[in-house]
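See structure below.
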Amino acid sequence: MATYEQLRHEPASRDLFNNRITKLQSLHNALKDLAFLAIDTEHVAITSEKDRMLHQVGLAYFPAPTPDSPTSPDAGCPNLQDFYTAKQLKGLTLNIKIDQDTQYNLVRAGGHRGMPVRRSHRFGQERQVDLEDLETAILDFIQGCDKKTNLVMIGFGMAAEWEYLSTYFPQAMRFFSAWVDLRDIAKDIAPVGNVPGLISLLKIFRYHCQDLQPGRGDLGGGVADNAGDDAVATCALAGALLLLENQQKLRLRQECGRIAGIFTKKKGFRVPNSKEHPFTATIRAGSPLPRSLDTAMKLARRFFNYSPQSTGLRSEDIGFITFRDKEQLDYFITATHRTALPMGGILRVRDYSREHGRINPENRDRKEKQELRERERSERSTDEVVDLESLFSSVMVR
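Each residue of the sequence shown is one higher than the one before, starting from 1 at the first, in the UniProt record's numbering.
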């Protein structure tokens, strides 16, 4: 497999590879007279992910990407078919011919026998090609697109695509003026945490799961990924990332993820650490917690405006939220305790330290100061008694 470092220096790939767009603003600046060509590949792992066989290539041409509103009639729930039609995309799915003997005798990584059955393609044309004819088919598709605009190659997680591009269809590189891995753009928009996957990002932007990954019985074929569909989904993501409202959604999701701890290895139920998080509220709303509050992520989203530091579950019945100081904690409890939930039930919110007989730092400091004053008062009283005893002793001696 060619590494990015090798691609950066190889004469055939370095000009294109080094013209990489990684920032949202740079992408905006380049939108005039620009078109996207999304490339997605699917392979079959033989002994491992490094030992693999190219199985399918998907191409999608996006002629005029602009930051405008969603194209679905229901703006709250866009879908790929509406996007494909409204934006006048062109699609091509290329299935690599593999002889029957190879297919029959193939044992994939994990012990699976035979080739995976992929979902039927939904967009554009589909062709069967020999591996040696793959480059010609791809070049024909690119040359059939508008030649008046700068063509930018896009993808999502493009290590495999660059390997196959440099190995099987390197002549395609000359058509591209730049390239974009959309993970870079998503990371630039929301730097916190790990970038979600292609499908997860589109779900954040209200695309429905069944639209993105139809089941076996929905379209025919199997359930393995279809490269042509994924190329169209990549174009949809490129368009979605240009929208300001989606950028705000992504930032919110990533910040909630940080609060909920989804980027750490800590999973499952946890007991709040009173030393690390002394200002903690517990959340109850029935047994178990309702679905709207039954994960750390949902708690972070629901109570984001109260500026929590972290959220989690102590059990299936109890959630917890930590705050920076006592003032934030008290405000949260006052504002939310005994409030009605939209789907029924009453929220019960309490101070974790009081529930469990612990003293938070502010109360501990207050108690220590009070004890110090009492000790000083006691010492003064003792000194006064000693002075009186001395006085009486001196009077009696006289």
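Glycine residues also receive a C-beta, built at the ideal position from the N, C-alpha and C atoms.
As the structure is a prediction and not an experimental result, all values here were calculated from the model.
- Quick one, are the C-beta atoms of residue 236 and residue 202 less than 8 Å apart? For the purposes of this step, residue 236 is taken as the residue at position 236 of the sequence shown. For the purposes of this step, residue 202 is taken as the residue at position 202 of the sequence shown. Annotated as proximal: residue 236 and residue 202, with beta-carbon spacing under 8 Å.
- Query: Rounded to a whole number of angstroms, what is the C-alpha to C-alpha distance between residue 316 and residue 286?
  - Reply: Taking the first residue of the sequence shown as 1, we reach residue 316 at position 316. Taking the first residue of the sequence shown as 1, we reach residue 286 at position 286. Going by the C-alpha atoms only, they are around 10 Å apart.
- Between the Cα of residue 222 and the Cα atoms of 56, 229, 116 and 320, which residue gives the shortest distance? For the purposes of this step, residue 222 is taken as residue 222 along the sequence shown, with counting starting at 1. Per the Cα distances, 116.
- Around the Cβ of residue 311, are there at least 16 other Cβ atoms within 10 angstroms (buried) or fewer (exposed)? Within the sequence shown, the letter at position 311 stands for residue 311. Burial call: buried.
- Item | Start-to-end residues for the alpha helix (DSSP H) that takes in residue 20 | On the sequence shown, position 20 is the one that residue 20 refers to. Neither: residue 20 is in no alpha helix (DSSP H) and is coded neither H nor E.
- Rounded to whole angstroms, what's the CA-CA distance from residue 3 to residue 63? Just pull it up for me. Here the question's residue 3 lines up with position 3 in the sequence shown. Here the question's residue 63 lines up with position 63 in the sequence shown. Cα to Cα, residue 3 sits roughly 30 Å from residue 63.
- Query: Would you call the CB atoms of residue 193 and residue 258 closer than 8 Å?
  - Reply: In the sequence shown, counting from the first residue as 1, residue 193 sits at position 193. In the sequence shown, counting from the first residue as 1, residue 258 sits at position 258. Between residue 193 and residue 258, the CB-CB gap stays under 8 Å.
- Query: Okay, do the segment 8-23 and the segment 32-47 touch, 3+ Cβ pairs below 8 Å being the bar?
  - Reply: The segment 32-47 and the segment 8-23 do not touch, with fewer than three beta-carbon pairs separated by less than 8 Å.
- Query: residue 251 and residue 189: beta carbons closer than 8 Å?
  - Reply: Stepping through the sequence shown from its first residue, residue 251 is reached at position 251. Stepping through the sequence shown from its first residue, residue 189 is reached at position 189. For the 8 Å CB-CB criterion, residue 251 and residue 189 form a contact.
- Item | CA-to-CA distance, residue 159 to residue 12, given in whole angstroms | Residue numbering aside, residue 12 sits at position 12 when the sequence shown is read from its first letter. Residue numbering aside, residue 159 sits at position 159 when the sequence shown is read from its first letter. Distance between the alpha carbons of residue 12 and residue 159: 17 Å.
- Message: Under DSSP, the beta strand (DSSP E) around residue 79 begins and ends at which residues?
- Response: By one-based count along the sequence shown, residue 79 stands at place 79. From DSSP, residue 79 is part of no beta strand (DSSP E); its letter is neither H nor E.
- Range covered by the beta strand (DSSP E) that runs through residue 55: Counting from 1 along the sequence shown, the entry for residue 55 is found at position 55. Taken as a continuous stretch (DSSP letters only), the beta strand (DSSP E) holding residue 55 covers 52-62.
- Query: If we call anything under 8 Å between Cβ atoms a contact, is residue 58 one with residue 231?
  - Reply: Here residue 58 is taken as the residue at index 58 of the sequence shown, counted from 1. Here residue 231 is taken as the residue at index 231 of the sequence shown, counted from 1. Contact flag set, yes.
- Return the residue from the list 137, 288 and 164 that minimises the CA-CA distance to residue 52. As a first step, residue 52 is located in the sequence shown; it is residue number 52 there, counting from the start. Nearest of 137, 288 and 164 to residue 52, Cα basis: 164.
- Query: Given residue 280, which residues of its chain have a CB within under 8 Å of its CB, disregarding the five upstream and five downstream residues?
  - Reply: As a working mapping, residue 280 is identified with position 280 in the sequence shown. The beta carbon of residue 280 sits closer than 8 Å to those of 272, 274, 320, 321, 322, 323, 329, 351, 352 and 353, all from its chain and outside the five residues before and after it, given in chain order.
- Query: If you draw a straight line from the alpha carbon of residue 71 to that of residue 207, how long is it in whole angstroms?
  - Reply: Mapped onto the sequence shown, residue 71 falls at position 71. Mapped onto the sequence shown, residue 207 falls at position 207. Reliability of the predicted coordinates at residue 71 is poor, the pLDDT of 47 falling under 50, and the value obtained from them is presented with this limitation in mind. Here the alpha carbon of residue 71 sits roughly 12 Å from the alpha carbon of residue 207.
- Task: Spatial neighbours of residue 149 within its chain, please: CB distance less than 7 Å, with the 5 preceding and 5 following residues excluded, ordered by chain position.
- Result: In the sequence shown, residue 149 corresponds to position 149, counting from 1. Cβ contact annotation for residue 149 (same chain, cutoff 7 Å, sequence separation greater than five): 33, 34 and 35, in chain order.
- Task: Report the residue from 278, 87, 300 and 306 whose alpha carbon sits nearest the alpha carbon of residue 356.
- Result: Here residue 356 is taken as the residue at index 356 of the sequence shown, counted from 1. Comparing Cα positions, the closest option is 278.
- Can you tell which of 314, 309, 325 and 304 has its C-alpha closest to the C-alpha of residue 336? Here residue 336 refers to the residue found at position 336 when the sequence shown is read from its first residue. If we check each option's Cα against that of residue 336, 304 comes out closest.
- Message: At the level of alpha carbons, what is the spacing between residue 276 and residue 255?
- Response: The sequence position of residue 276 within the sequence shown is 276, counting from 1. The sequence position of residue 255 within the sequence shown is 255, counting from 1. Near 20 Å, if we compare the C-alpha coordinates of residue 255 and residue 276.
- Within 8 Å, strictly: CB atoms of residue 153 and residue 37: Taking the sequence shown and counting its residues from 1, the one referred to as residue 153 is at position 153. Taking the sequence shown and counting its residues from 1, the one referred to as residue 37 is at position 37. A contact, by the Cβ cut-off of 8 Å.
- Tell me whether residue 257 sits in a helix, a strand or coil according to DSSP, three-state version. By one-based count along the sequence shown, residue 257 stands at place 257. Three-state result, residue 257: helix.
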